[in-house]
Amino acid sequence: MREAAKAREIVDGVVQVYLPLPMRPSIVNVYLVRAGDRWTLIDTGMNTEDSVAAFRSALDEIGIDPQAIGRLVATHHHVDHFGTSAPYRELAHAEVYTHPLEAQAAAAIAQIPAENTAYLARHGVPVVPPDRRLPPPSRFFGTWYAPAEPDHLIADEDEIPLGDGRSLQVVWTPGHTPGHCCLLLLPERVLFVGDHLLPKITPHVGLWPGGPENPLGDFLGSHEKVQKVDARLVCPAHGAVYEDHRRRARQLIDFHRVRKLAMLELIRRRPLTAYEVALDAFAIAPDNRFQVFMATVETLAHLELLRREGRALRTEHDGVVRYQGR
Numbered sequence: 013m014r015e016a017a018k019a020r021e022i023v024d025g026v027v028q029v030y031l032p033l034p035m036r037p038s039i040v041n042v043y044l045v046r047a048g049d050r051w052t053l054i055d056t057g058m059n060t061e062d063s064v065a066a067f068r069s070a071l072d073e074i075g076i077d078p079q080a081i082g083r084l085v086a087t088h089h090h091v092d093h094f095g096t097s098a099p100y101r102e103l104a105h106a107e108v109y110t111h112p113l114e115a116q117a118a119a120a121i122a123q124i125p126a127e128n129t130a131y132l133a134r135h136g137v138p139v140v141p142p143d144r145r146l147p148p149p150s151r152f153f154g155t156w157y158a159p160a161e162p163d164h165l166i167a168d169e170d171e172i173p174l175g176d177g178r179s180l181q182v183v184w185t186p187g188h189t190p191g192h193c194c195l196l197l198l199p200e201r202v203l204f205v206g207d208h209l210l211p212k213i214t215p216h217v218g219l220w221p222g223g224p225e226n227p228l229g230d231f232l233g234s235h236e237k238v239q240k241v242d243a244r245l246v247c248p249a250h251g252a253v254y255e256d257h258r259r260r261a262r263q264l265i266d267f268h269r270v271r272k273l274a275m276l277e278l279i280r281r282r283p284l285t286a287y288e289v290a291l292d293a294f295a296i297a298p299d300n301r302f303q304v305f306m307a308t309v310e311t312l313a314h315l316e317l318l319r320r321e322g323r324a325l326r327t328e329h330d331g332v333v334r335y336q337g338r
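Quick look at the structure:
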């Protein structure tokens, strides 16, 4: 028997809906914002039977006709945030808004190949037989990911009018993904932060093949930027609603400062590959290919920032990259 949907009004006309995920974290929060008799949905959850059923149950519980949802606004393209955007657009006949970099990433999912073995091997990850490699994302996610082509592309400082005196101001916060955006509801100053400012966990920031060259630098810069936003309430995609986004931003900046220093200490002893550093920095199982990949690209983001700061050197010998602390 499915668990009943959980939804609650956090401020007048803003409803938080908890949707199940078949992975950790096990819940994603999506938000419904009312303006007059129309609603805007911020993020969509994953396209699983349980998630869709929970969302429909929440609409029934709140008394919202799906046809009253006029907009879907995505903070970023990840499967738990944008995965049901196509079915929900069809359900509600809503218009979809997202950043162009996120639209490109969503459209490219089907073209991403299986595990980039050459990229991983270049950074020290042992090569494994084909049957142990990561599948392409399109096969891994399958029907869980049904992204919509956006009707509107959003940019930093854009203001999306919702009606009834309300609007969403776009705050571009690259790092977790290149086009990640936070959304500030005005005039109430409620900040929807997606995965950028999670209250209890740190979002993944990795140096992905073909992605931005300095994602951790982007992420930390976005945390400096978001501290200038005047918000009174923070609505994350995972975890509870909280106050004082500036304090949490400073905590995340400090977390990555400490992690960088720990990695710097390791590579000062001897040159190491990103994989070797990841084995020390993260509690990963070497035979878990997904953990290995995620930890290695996140480690690379830290090592590359150290290099850009002049605190590490990068060398390549026989096709393998190593980092040496200075």
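If you're matching positions, the sequence shown starts at 13 in the numbering used here and goes up one per residue. Every residue, glycine too, gets a C-beta built ideally from N, C-alpha and C.
- In the three-state reduction of the DSSP assignment, residue 36 falls in the coil class.
- Comparing alpha-carbon positions, the option among 218, 148, 57 lying closest to residue 91 turns out to be 57.
- As summarised for the segment 56-109, the continuous beta strand (DSSP E) elements at least 3 residues long and confined to that stretch are 81-85, given in chain order.
- Contact between residue 251 and residue 212 holds: their C-beta atoms lie close to 5 Å from each other, under 8 Å.
- Taking the CA atoms as reference points, residue 21 sits about 52 Å from residue 336.
- Where residue 329 is concerned, the enclosing beta strand (DSSP E) starts and stops at 324-329.
- If the five residues before and after residue 207 are omitted, its C-beta is found closer than 6 Å to the C-beta atoms of 188, 215, 249, all from its own chain and listed in chain order.
- Note on geometry: alpha-carbon atoms of residue 307 and residue 316 lie some 14 Å from one another.
- Under the DSSP assignment, residue 273 falls in the alpha helix (DSSP H) whose first and last residues are 257-281.
- Selection 255, 51, 96 evaluated against residue 66 yields 96 as nearest (Cα-Cα).
- For residue 310, the enclosing alpha helix (DSSP H) has its first and last residue at 301-320.
- By the beta-carbon neighbour count (other beta carbons within 10 angstroms, threshold 16), residue 59 is buried.
- Distance between residue 40 and residue 102, taken at the CA atoms: about 21 Å.
- Per the Cβ contact rule, the segment 145-155 is in contact with the segment 117-137 (3 or more Cβ pairs under 8 Å).
- Here DSSP, grouped into helix, strand and coil, assigns residue 116 to helix.
- Residue burial annotation: residue 202 is buried, with at least 16 other C-beta atoms found within 10 angstroms of its C-beta.
- Residue 195 has its alpha-carbon roughly 14 Å from the corresponding atom of residue 83.
- Contact between residue 89 and residue 114 is confirmed by a C-beta separation of about 4 Å, below the 8 Å threshold.
- Distance from residue 19 to residue 74 at the Cβ level is roughly 6 Å; contact confirmed, criterion being Cβ atoms closer than 8 Å.
- Residues 186, 187, 224 of the same chain have their beta carbon placed closer than 7 Å to that of residue 230, with the five preceding and five following residues left out of the count.
- For residue 288, the number of other beta carbons within 10 angstroms of its own is at least 16, and it is reported as buried.
- Where residue 335 is concerned, the enclosing beta strand (DSSP E) starts and stops at 332-337.
- Residue state for residue 156 is assigned as helix, using DSSP reduced to three classes.
- Between residue 109 and residue 166, the C-beta spacing is below 8 Å.
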